[in-house]
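From first to last, the protein sequence lines stand for chains A and B. Just so we're aligned, residue -8 is where the first sequence starts under the working numbering, counting upward by one. Just so we're aligned, residue -8 is where the second sequence starts under the working numbering, counting upward by one. Just so you know, even glycine gets a beta-carbon here, dropped at the ideal spot from N, CA and C. As the structure is a computational prediction, the values presented were derived from the model and not from experiment.
There are 2 protein chains.
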Amino acid sequence: MCGSENQASTNGTTTTKLNSPSLSSDIVLNLDHGDPTVYEAYWKRLEEKCTVVIKGSELMSYISDVEKPCWFMEQDLENAIKKLHRLTGNAVVDDRYVVVGTGSTQLYQSLLYAITTTSFAGDGNGDGDNNPLHHDQLPVPVVCAAPYYSQYAEEADYLRSGLYKWGGDAYAFDKDGPYIEVVTSPNNPDGTTREAVVISDQGKIIYDMAYYWPQYTPITRPANHDIMYFTFSKSTGHAGSRIGWALVKDEAIARKMTKFIELSSIGVSKDSQIRAAKIMKVICDDYQDFKSHNNNNNNNTHFFEFSRKLMENRWKRLREVVGRSNVFSLPKYSQEYCLFNGECTESYPAFAWLKCKEEGVEDCEKLLKEYKILGRGGKRFGSDSSYTRVSILSREDVFQQFLDRLESIKAN
Amino acid sequence: MCGSENQASTNGTTTTKLNSPSLSSDIVLNLDHGDPTVYEAYWKRLEEKCTVVIKGSELMSYISDVEKPCWFMEQDLENAIKKLHRLTGNAVVDDRYVVVGTGSTQLYQSLLYAITTTSFAGDGNGDGDNNPLHHDQLPVPVVCAAPYYSQYAEEADYLRSGLYKWGGDAYAFDKDGPYIEVVTSPNNPDGTTREAVVISDQGKIIYDMAYYWPQYTPITRPANHDIMYFTFSKSTGHAGSRIGWALVKDEAIARKMTKFIELSSIGVSKDSQIRAAKIMKVICDDYQDFKSHNNNNNNNTHFFEFSRKLMENRWKRLREVVGRSNVFSLPKYSQEYCLFNGECTESYPAFAWLKCKEEGVEDCEKLLKEYKILGRGGKRFGSDSSYTRVSILSREDVFQQFLDRLESIKAN
């Protein structure tokens, strides 16, 4: 049970309100970002166990291990990442290079750079310049099936790179030549499980697996792609640390990603690397202790059980409200067998992909804004304005206020 | 006095050997990077005082303060940065926006983006697109007087940006139209004090002041430029934390820099921000305590006294070796009155800009490499191969080994 002052127990799951004991109905609910403060309640309980202590003279050097392709990565972090994947069974880590990034945002961009400056599928033009692609093949289009994560486009285009360029909806992509397809699975914004959609042998596929963790979706198999990346922000909720990591099969790609991160920021905060390693280790040790003591009690004190039950509870309450609504609808997710939980479960995505089904209301984001709920409109995701993405990862008081306001929106 | 196991006292300054008690004469000395491990000895003494403790549920959100232009910056860090500048008197902080970055590397790139997408000197073309420069004015050349920091060029060009492009030596720049000039003062690689050199009213100047701290150079006035940036790596030696900051007069530039950092990495590690704030605060409090107790003893226990004496000692020993050499020479620096120290002092740069004066030796970097000393050759800095930049910031045992090997290099 949560040992905190403000508790709201619903459907067997206990959630803790932090910081704002009573929310004014006047306050703006910023659910535009997926700020994962929902997990604070859990980590508050393990406060001491997860504490990191960094002394004045520690972690001062730029360098961790010059012998490794990713020379600024702390060994403790690499070990913890592999341990966490082995625990959850969500990704193959053997024969993979690990590359740490300042969040998955930096990793995505490092991959666009790495792929467009390394050997490409079927390419080997030998024109002698630094880039293995012909000049007329650059910039390489970057595509993703709509609805796609809104930031992919902006992050690909803000510097007007000559190497890569946002190419839009992968379903509409019909150009000949090299391309990069981003596959987000489970998908942001709509939570669906995905595969690549472009049919061609001239592309490279990168897998953004930020949400492929047991609290959001059934783990149906260990992901086994050549290039996949994850983030500390969404796995455990520690977004402020800005830690992400990629698992990469090809050493040349790992080295080029490292080069990008060197040029972009000369590595990644070691303080945060050490903190991430510690927290991942606590999660893993917790399960290990449980197994070794063969203890069947208090199952949901483990992180992924706790967080899955928490997400399940939020989705249950959200679906009840939306079920009574004549304005909104939500996607449906089929049940699948989760290898980690050992049972059939549904998806409980980090975002609600709300659709405004009322005729005459053309802008869902605008409608929500009238009720001081800030979401992100469908157009940003290559979809239409009848959709809005709303974060489900806020603190409990904000989430409850969101439900209350959603309930109050009625069709005329 | 240093309270550690391996001590080497020379010329009144005590330095501490960490990690490698006896260095093999066979080992490669990597002095290519300016890895500031020299400062470990100092921070080891203040180990406990500088310890940061971060609990499991702390610093989880992306957001620090949405009301500020730099919304991911922790208030404690902003306060500590201002305090440190006020203590050293090296920069004006009033009426400045502070923007935190993942090291000064990210800040440099955020400035290239901010300047080329915000109003430019004398510009206001009103062509209605997102960019206030005419298309034929892009990419904007980025220049710096040679010898310049080798990474400026690569960091400007690696993504083949359509916004900016490396333009080379500022002395050779004669194009009409907008440009950005980087002024590094004190300069990396050669330690000189600098001003802008391009004569034009169409440019923007950015000041890289990574080395404008009392241990490296006399503080002759508080720098008072519109755009200047600093780094935790070189001020206190905590390179592994990847924290830099800019002081910016124009809110629009501060907001665009923030936008760049949002798109590049959704902010900056909060764990490292908090650690940097703590260490800066310890430095400032240490001086405050000293003043309030009017204590004249043990003056060099304060960080900037200790580190200046340490750098002075290294340069003295280096100049002695080079003075006896018929192969190498070093730049000379004039004495100036330092407002912080209250006395006339020389510059003690973080790098030695070694010149090979021997006839017939055309490649200084190659010559040093024969003695297993890795430096960075002059050509990388827009200079010639008779120069090599060598870091002076290594641990003591590495530095002493470097001196020993340098001593052994004789002209034929």
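Item: Residues of the region 39 to 59 of chain A with Cβ closer than 9 angstroms to any Cβ of chain B, in chain order; Value: E39, K40, C41, T42, V43, V44, I45, K46, G47, S48, E49, L50, M51, S52, Y53, I54, S55, V57
Item: Segment limits, beta strand (DSSP E) that includes T379(A); Value: 378 to 382
Item: Secondary structure of L394(A), DSSP reduced to three states; Value: helix
Item: Closest by C-alpha distance to G314(B), when choosing among L394(B), C329(B), L301(B); Value: L394(B)
Item: G67(A) versus F319(B): straight-line alpha-carbon distance, rounded; Value: The question names Gly, but residue 67(A) is Asp in the sequence shown. If you take the alpha carbons of D67(A) and F319(B), they lie about 43 angstroms apart.
Item: Distance between beta carbons of R246(A) and G258(B), contact taken as under 8 angstroms; Value: Not confirmed; about 26 angstroms, so no contact.
Item: Rounded C-alpha distance that separates F411(B) from Q100(B); Value: No statement about residue 411(B) is possible, as the shown extent of chain B runs from -8 to 403 and does not include it.
Item: Extent of the continuous beta strand (DSSP E) to which W344(B) belongs; Value: 342 to 347
Item: Other residues of its chain near G369(B): CB distance less than 6 angstroms, five sequence neighbours each side excluded; Value: D375, S376, Y378
Item: Contacts of D26(B) in chain A (Cβ-Cβ under 7 angstroms); Value: S52, Y53, I54
Item: Buried or exposed (CB count within 10 angstroms, at least 16 for buried), H126(B); Value: exposed
Item: Cβ-Cβ separation, V90(B) to I72(B) (assumed contact under 8 angstroms), whole Å; Value: Incorrect: roughly 10 angstroms between the Cβ atoms, too far for contact.
Item: Proximal residues of chain B, C-beta to C-beta of D17(A) below 7 angstroms; Value: In chain order: nothing, as chain B lies at least about 17 angstroms away.
Item: Per-residue DSSP class, three states only, for Y33(A); Value: helix
Item: Close beta carbons around Q264(B), own chain, < 6 angstroms, minus the five adjacent residues each side; Value: E65, L68
Item: Closer than 9 angstroms at the beta carbon, the chain A residues around R380(B); Value: Within chain A, no residue comes near R380(B); the closest Cβ sits about 16 angstroms away, beyond 9 angstroms.
Item: Cβ-based neighbour list, Y53(B), same chain, cut-off 8 angstroms, excluding 5 preceding and 5 following; Value: F63, I257, G258
Item: First and last residue of the uninterrupted alpha helix (DSSP H) at M248(B); Value: 242 to 256
Item: Given 8 angstroms, three or more beta-carbon pairs between the region 333 to 340 of chain A and the region 205 to 213 of chain A; Value: yes
Item: C-beta neighbour in chain A for P138(B), strict 8 angstroms; Value: no
Item: Within chain A, the residues that H229(B) reaches when beta carbons sit closer than 7 angstroms; Value: M51
Item: Under 9 angstroms by beta carbon: chain A residues contacting S152(B); Value: L150, R151, S152, G153
Item: Rounded straight-line distance, which links the Cα of G231(A) to that of L50(B); Value: 6 angstroms
Item: Interface partners of Y30(B) on chain A, CB under 9 angstroms; Value: S48, M51
Item: Bridge partner(s) assigned by DSSP for T175(A); Value: D199(A)
Item: Same chain, Cβ closer than 6 angstroms to K74(A), five either side skipped, listed in chain order; Value: C275
Item: Straight-line gap, R367(B) to E356(B) (C-alpha atoms, nearest Å); Value: 6 angstroms
Item: CA-to-CA distance, T175(B) to S15(B), given in whole angstroms; Value: 36 angstroms
Item: 8 angstroms Cβ cutoff, R315(A) in contact with chain B; Value: no
Item: Contacts of I72(B) in chain A (Cβ-Cβ under 7 angstroms); Value: What I72(B) touches in chain A: nothing, since even the nearest Cβ is about 17 angstroms away.
Item: Neighbourhood of R185(A) by C-beta, 6 angstroms cutoff - its chain only, sequence neighbours within 5 removed; Value: V174, S176, N178
Item: Exposure of K269(B), with buried meaning 16 or more beta-carbon neighbours within 10 Å; Value: buried
Item: Residue environment, G351(B), which counts as buried when at least 16 other CB atoms sit within 10 Å; Value: exposed
Item: Cβ-heavy atom distance, G373(B) to the ligand NAP, below 7 angstroms; Value: Questions concerning the ligand NAP fall outside what the structure shown contains, since it holds no ligand whatsoever.
Item: Reduced DSSP category for R185(B) - H, G, I as helix; E, B as strand; rest coil; Value: coil
Item: Straight-line Cα distance separating Q97(B) from R380(B); Value: 23 angstroms
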